[in-house]
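One structure below.
Protein chains: 2
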Amino acid sequence: MATLQDIAVSAAINILSTVTFLVAFAILRLQPINDRVYFPKWYLKGIRGSPISYGSLSRFVNLDFRTYIRFLNWMPAALRMPEPELIDHAGLDSAVYIRIYLLGLKIFIPITILTLVVLVPVNWTGKTLELEQFKNLTFSNIDKLSISNVPTGSKRFWAHLLMSYVCSFWTCYVLYKEYKIIATMRLEFLASQNRHPDQFTVLVRNVPPDPDEPVSEHIEHFFCVNHPDHYLTHQVVYNAVKLAKLVAKKKSFQNWLVYYQNKHERNPSKKPTTKTGFWGLWGSKVDAIDYYTTEIGKLSEEEDAERERVISDSEAIVPAAFVSFKTRWGAAVCAQTQQSSNPTIWLTEWAPEPRDVFWDNLAIPYVELTIRRLLMAVALFFLTFFYMIPIAFVQSLANIEGIEKVLPFLKPLIEKDVVKSFIQGFLPGIALKIFLVLLPTVLMTMSKIEGFISLSSLEKRSASKYHLFILVNVFLGSLIAGTALQQLKQFIEAPTGDFPKTIGMSIPMKATFFITYIMVDGWSGIAVEILRLVPLVMFHIKNTFLVKTDQDREQAMDPGCLDFATSEPRIQFYFLLGLVYSVVTPVLLPFIVAFFTFSFVVFRHQIINVYDQKYESGAAFWPDVHLRILIGLIIAQILHMGLLSATGADKSTTPWLIAQPILTIWFHKFCKGRFESAFVKFPLQEAMVKDTLERATEPNLNLEAYLQDAYIHPVFKGGELDIPVAMDEEENNPLVPTKRNSHLGSKHGSEVSPEADI
Amino acid sequence: MATLQDIAVSAAINILSTVTFLVAFAILRLQPINDRVYFPKWYLKGIRGSPISYGSLSRFVNLDFRTYIRFLNWMPAALRMPEPELIDHAGLDSAVYIRIYLLGLKIFIPITILTLVVLVPVNWTGKTLELEQFKNLTFSNIDKLSISNVPTGSKRFWAHLLMSYVCSFWTCYVLYKEYKIIATMRLEFLASQNRHPDQFTVLVRNVPPDPDEPVSEHIEHFFCVNHPDHYLTHQVVYNAVKLAKLVAKKKSFQNWLVYYQNKHERNPSKKPTTKTGFWGLWGSKVDAIDYYTTEIGKLSEEEDAERERVISDSEAIVPAAFVSFKTRWGAAVCAQTQQSSNPTIWLTEWAPEPRDVFWDNLAIPYVELTIRRLLMAVALFFLTFFYMIPIAFVQSLANIEGIEKVLPFLKPLIEKDVVKSFIQGFLPGIALKIFLVLLPTVLMTMSKIEGFISLSSLEKRSASKYHLFILVNVFLGSLIAGTALQQLKQFIEAPTGDFPKTIGMSIPMKATFFITYIMVDGWSGIAVEILRLVPLVMFHIKNTFLVKTDQDREQAMDPGCLDFATSEPRIQFYFLLGLVYSVVTPVLLPFIVAFFTFSFVVFRHQIINVYDQKYESGAAFWPDVHLRILIGLIIAQILHMGLLSATGADKSTTPWLIAQPILTIWFHKFCKGRFESAFVKFPLQEAMVKDTLERATEPNLNLEAYLQDAYIHPVFKGGELDIPVAMDEEENNPLVPTKRNSHLGSKHGSEVSPEADI
């Protein structure tokens, strides 16, 4: 078991690496050449056209040394933008995502202060671990501050019981407040939004085949009959998988063409050549520019032919469509009601934003969908529960004795104090981390197989899978696997079952492990995020070989986006740790508060300057976030119950804890009824208000023309993923005038623009 | 433990009592004087006006002895009415309720045959229980036919595993077929229904208070704005609790008045007197007829004043209303959509039938509702889990040793063979039964507190509570409490937890207990039901003292109705027993098949001749029935898993059973998605079809006048619970012509009318 010294070493390493990353970031971001890596958002917004020059000395390197002195002042700058402007600038999704960190601070700062003041003295004076009988057990100084130091059956456990209630109550109170705020923010956001195609449009799936009519006419007739006063138009969905492949291939060939053209320009004497075989590695040697030009020509023709075929072939139309209505009211009605007596056909739901649609999944029939979900549930089960085995194996290696046994020749090296501390304080965290990196892609693929039809729902679904995985493997896996190795004997002799007790008892022992984990994952990990190493390298490669025009440079930027599916469950893990250890080992809490604070600043900086969201769901993910924090809270409560009953607390304390999870579940139901529908449905009253307003302000609006091309598969737009028309319109014509518009065309003069902090 | 002989004694007793009840019923029902007790349905339908006379000998006693000979021929008569006519005659609720028994037969007849043929030989030849080492354990011959007789670790368990899968698959298949049939029946029933007020009406609750407008105007304005093309009218709900009390009091006084008037008529010489105090037991003596006449006069005045007050006082209007629309489409839209951005106000849902409304619960605000639900959930928990203690106590007494210990002087009596068999075969079942009789009223009260707004939902909710109770107390309680007494020692020494194993192991041992239970509750209990003892006695008391006119006699009839809240969970218990014992002790299954057959005939007779349903929900309860059978199936599967792993079956068998519950849960989800919305929502397509049809056939319909008084609290209709107008209309003008109409006015001539079997 790690001692206080190990922790200190680990902390030193992590703080050092964090600071190193931050310094590197501070230096790199000031170089004009990196401007498009660290401030892509401002370029995409059109507010910045080219890097700011620091004096006239260089276009690439910033030689103005005064700017390096204040290397941390991006932090206050990140905090300065007020929230309404942030929503306007980066969208509601990002602004609300940031609030998760804020929520962590709101929950844990008071809990940290309270538990440190109340429980640490109670535990410290318990003095159990100094007794003679425990001399043969290993324990660290941290354990003396934890609940393990309180003698069995002591009246002191009442303090822990009381604190458990206080923490639960405070968490629920903050959650309720936050849910209310976010629901209001969402409703205000939706109300202030300009006209969007998705406000008028409903996605209808599982259109039944009709022997007499093609799909398109069948849909039109159905809605003309059943929504006669409201139906406006519809767009069928084409099966464009092959076309999308052609477009992607052409795009890649175009990149190669540009690459060889650039090469030729720089060295006009030599004609670049390539081989026609696989990846240009073998085959006959040809002139590269000619080759790619003819290939692109061929592909263009093929693409046009395929496009023709898809549009004219009725087989290529899938039984799904985007149906648009004359009013928002009509769309809201159609999205919320059942159309046919058979509930598996004519399924209607709100259309996602055009950008948000996941086109491949629109045509899955009902029975296939349920079977896919079953298979994926089983797959998730196996993935979650049998992934544990390698983790347990690696962690069992990551202690001194394990390594000495497997690799005995390393013994002299390992026995050195510094190396020992490093292995014990650092390796277990790293081992866990590597496993986790491989996972999100697998989970996202599984969600795609499950057949969700929008990117936002795919992300939400992957997040919940990832959350389950972290719960079982990182949390429970660490608790049990670690304990199993250290205390295997006690484990077998104790009565089986009694899960909460066993887990509960191993919690205090794993505090030091989780502290190192927080430092590796939560501190250094976040600092790496802000450095953006991969996009930095990629940008410079692209910039060197592929960029000719400013537009190319625009495309070479990879702003990235908030990866909700991966990062939200990771935040949830910190919530869980905080809630579990709040009563058990309060000294862990300051580490968590540090994580939330640091992440909040870093991600606020990132969403202001870097990330460009792919879609805007209006914070539709909040109910999930809320639910998962509550799941963490309930787990914490059950473990406290198990721990208190297992450590032989005063018999009369444990029953008092049973009410906690029941009340928490009730609280969840209450919140669900109170707020959730704000994230799922669109109230008719709001729709009617917006319709009426629009009729009054724009009586001659041609809605049909506006909606005509809103939901067209991106490959039909010449293969380029344009920002849709509606978005441009909002940019140029926002309902709420903001300061942001005054930046347009000017490069300076904003209190929050990224150059203000230099 | 009961031996085969005990079972035989119990069977003899129960068959004897069942036959006795049936003979008594056969005799009583043929007496003209009881005609209104055993055939009230036909009187209420207006098809029968007075008892059929058997010759001219007597109006009260049937002296035509030929009619007694065929005393069982009500049974074929009950089976003869075809289902469409049954739906027409008794409503869809009743017809579908009967199908639950039919479903039991469909599931269990094939399973019984299969398991008896396959598993009984496998078990019988196992011969474990004849080994020397088991000589000290008590076992009966029945156990030799059960899984207990198979040796530990035997390959024979593969047969049980396979049969478990076959049974689960067959059950799911039959359930799926049945769900499909019932969904179709419901949709056809709704489509063929004539115009009903509830088709056009939506119940809106939690109307927010408005400072400037009274509730009624506020509602009108809201719906005029948000449903401008569809809103027609609305009816506010009055708080009429006090008025209802006055009406009830007046009604009771009127009964007394009639009683004394009758008394006076029969004995004109003596004026009846009463005392003015509590229940007429003390106080000054007055002339009864005068006293009640003046009291009724006073009450009428009071009632009129109160009625005036309620209608004119704006305080008496609760924030809920029945809002009617011009079309079914408009109502369907409003019922399925969210109105306001705050999801706890302007809550809309389909209005229940006027008869189905539970008026007291219409005005409960959201927060209060959630708190009520929490409190009732906690109360249900305590009721369910602490009710077990007395049952366990009584059952521990109900064995020979227990009684001898507590009451040693009874020893000589008890030791006699007949008495011993009686105590062991009969008492445990009776003890359980008595506890259960007290319960349904408590559960219904709890459901009322929870705030459901229709009688049908109250019944559904009570049924689910009762189901939980039966599961925990009757099923688990019997298994554990019984085992605890017999095998307490083994119980304590085994590892704790491992719940399914422990329960699983006690299953085969309790087979004989459940067989006696089935005979007492399922055979004799059902025979008592058909005898209708309580209504028989009550009718004759009322007929003697209160009846003056034919209308009075009509009111004295108490046809009763299917008590879904109590009887459905009891059926579920038989499903559970059948599914659990299918693999374990197949000899129990014929008893269950007998129960389903007998109940099917009895209840079909009852719904044809007796019951008069209070409301018609269109089989809305079926999803609950389906779900609970699946819960039973999953419990059975888990117990099989526990049993097989505990009896040391071949290690490789148990893992194969894990897939069963997972597949069953998936099957539940599949069915839910496929069928449930047919029971919850009303599809727009259907609404549109009916609207269009109606516009074409009745272009001049004055819908507003039709709906004007549909939803008025019954006390405003002069204190009498009239059958609403809409129902009368359907009676006189059915969409589907049926044979039933030919009965109108004629007393004979139907193949299914109750007299046909005489």
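Quick mapping for you: the protein sequence lines, in order, are chains A and B. According to numbering that gives the first Met the number 0, the stretch in the first sequence is residues 0 to 757, in order. According to numbering that gives the first Met the number 0, the stretch in the second sequence is residues 0 to 757, in order. Glycine included, C-beta positions come from ideal geometry on N, C-alpha and C.
CA-to-CA distance, residue j to residue i, given in whole angstroms
i	j	result
A645 of chain B	I12 of chain B	36 Å
S93 of chain A	W358 of chain A	24 Å
N261 of chain A	M80 of chain A	41 Å
E216 of chain A	P208 of chain A	11 Å
V224 of chain B	M687 of chain A	8 Å
F324 of chain B	T336 of chain B	14 Å
W328 of chain A	L118 of chain A	56 Å
T326 of chain A	D211 of chain A	30 Å
F168 of chain A	I112 of chain A	16 Å
L101 of chain A	I657 of chain A	30 Å
G296 of chain B	L626 of chain B	53 Å
Q234 of chain B	F321 of chain B	5 Å
F674 of chain B	A243 of chain A	37 Å
A227 of chain B	L702 of chain A	According to the sequence shown, residue 227 of chain B is Pro rather than Ala. Going by the C-alpha atoms only, they are around 21 Å apart.
S456 of chain B	L442 of chain B	13 Å
S313 of chain A	E307 of chain A	12 Å
Q684 of chain A	T696 of chain A	18 Å
Under 7 Å from the C-beta of residue i: neighbouring residues of chain A
i	result
V224 of chain B	M687
A677 of chain B	S340, P342
Q684 of chain B	N225, Q338, S339, S340
Strand pairing of residue i, partner residues [DSSP]
i	result
S323 of chain B	B:T200, B:T232
W349 of chain B	B:V201
Y237 of chain A	A:I316
V285 of chain A	A:T273
V356 of chain A	A:S453
Proximity test, Cβ basis, 8 Å: residue i and chain B
i	result
V332 of chain A	yes
Q192 of chain A	no
G450 of chain A	no
R673 of chain A	yes
P207 of chain A	no
S323 of chain A	no
L186 of chain A	yes
Q337 of chain A	yes
F474 of chain A	no
Closer than 8 Å at the beta carbon, the chain A residues around residue i
i	result
A320 of chain B	Here the premise fails: no neighbours, minimum Cβ distance about 17 Å.
Residue-chain proximity (residue i, chain A), Cβ-Cβ < 8 Å
i	result
T763 of chain B	Because chain B spans 0 through 757 in this model, residue 763 of chain B falls outside it and cannot be assessed.
S340 of chain B	yes
P622 of chain B	no
P210 of chain B	no
L85 of chain B	no
Proximity test, residue i beta-carbon vs the ligand FMN heavy atom, cut-off 7 Å
i	result
I363 of chain B	Ligands are entirely absent from the displayed structure, and the ligand FMN is therefore not among its contents.
Chain-ordered neighbours of residue i on chain B, where CB pairs are closer than 8 Å
i	result
V377 of chain A	I661
Under 9 Å from the C-beta of residue i: neighbouring residues of chain B
i	result
T369 of chain A	W665, K668, F669, G672, R673
7 Å Cβ cut-off: residues of chain B touching residue i
i	result
D228 of chain A	D228
Count the C-beta pairs between the segment 664-683 of chain B and the segment 165-180 of chain B that are closer than 8 Å, then say yes if the count reaches three, no if not.
Look at the beta carbons and you see the segment 664-683 of chain B touching the segment 165-180 of chain B: at least three pairs across the two are nearer than 8 Å.
If we count Cβ pairs, one from each stretch, closer than 8 Å, do we get three or more for the segment 577-596 of chain B versus the segment 510-523 of chain B?
Yes, the segment 577-596 of chain B touches the segment 510-523 of chain B.
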